[in-house]
Amino acid sequence: MEDAPEPRARRLDRNWSELLQEIRVAQTGVQILFAFLLTLPFTQRWDQVTDFQRALYLATLLVVAAASALLIGPVAYHRIMFRRGARARLVAAANTMALAGLAMLGVGINGAVLLVVDVLMGPLATVLICSATAAFFVALWWALPQLTRWELTAIHEDAQDSRPPAPGAPAPGAPDAGPPHPGPPGAGTR
Numbered sequence: 195m196e197d198a199p200e201p202r203a204r205r206l207d208r209n210w211s212e213l214l215q216e217i218r219v220a221q222t223g224v225q226i227l228f229a230f231l232l233t234l235p236f237t238q239r240w241d242q243v244t245d246f247q248r249a250l251y252l253a254t255l256l257v258v259a260a261a262s263a264l265l266i267g268p269v270a271y272h273r274i275m276f277r278r279g280a281r282a283r284l285v286a287a288a289n290t291m292a293l294a295g296l297a298m299l300g301v302g303i304n305g306a307v308l309l310v311v312d313v314l315m316g317p318l319a320t321v322l323i324c325s326a327t328a329a330f331f332v333a334l335w336w337a338l339p340q341l342t343r344w345e346l347t348a349i350h351e352d353a354q355d356s357r358p359p360a361p362g363a364p365a366p367g368a369p370d371a372g373p374p375h376p377g378p379p380g381a382g383t384r
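Numbered by the numbering used here, the letters in the sequence shown go through residues 195 to 384 in order.
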């Protein structure tokens, strides 16, 4: 027995609430990193950093500022669109901002790690540690969810293929059934 489908309005409200909870987690990290970066030039050792480290600092600061703007953006969007009946657009825009904000946060964290490791260690250690950090973020924040998504898509497609055809519809693969999956426009037309 399948559960009844969730009404669209309820699903959009749930998606919005879940998205806000996820953004709150990310915002804490970006705020702490941003605060750290904002205070860094006022430390005693700042005059000892190299030109590369200054450029890296500035790039990292700007990326983290962008991450902050993107992760806070859904709140501003919501305030402007409040009671306009645009919940679906709000959820879609907030999702896009959250994904971009997380990408920027990952780049910003790696930039901060690169900066600190470059100050503390030699070039070889810097390359190795920062490459490992970047690979870890890509694996955890992109590759793992993508693999799960692909797996679930394959399971869903298998479930769709295993359903019996509707009454009167030709079975998949039958001579008159046409192509099982539509291709580009015009493909499979007779």
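Idealized CB from N, CA, C, for every residue including glycine. Please read these numbers as outputs of a predicted model, since none were measured by experiment.
{"Item": "Cα-Cα separation, V219 to A288", "Value": "15 Å"}
{"Item": "Cβ-based burial, T254 [other Cβ within 10 Å; buried from 16]", "Value": "buried"}
{"Item": "V224 versus A263, I323 and T244, residue with shortest Cα-Cα distance", "Value": "A263"}
{"Item": "Proximity below 7 Å, CB of V258 to CB of L231", "Value": "yes"}
{"Item": "Beta-carbon proximity list for Q340, same chain, < 8 Å, skipping 5 on both sides", "Value": "none"}
{"Item": "The region 231 to 241 touching the region 288 to 297, judged by at least three CB pairs closer than 8 Å", "Value": "no"}
{"Item": "Length of the line joining the Cα atoms of S325 and L318", "Value": "11 Å"}
{"Item": "Sufficient close CB pairs (3 or more, under 8 Å) joining the region 266 to 281 to the region 291 to 301", "Value": "yes"}
{"Item": "Sub-7 Å separation of A261 and G305 beta-carbons", "Value": "no"}
{"Item": "E345 - DSSP class collapsed to helix/strand/coil", "Value": "helix"}
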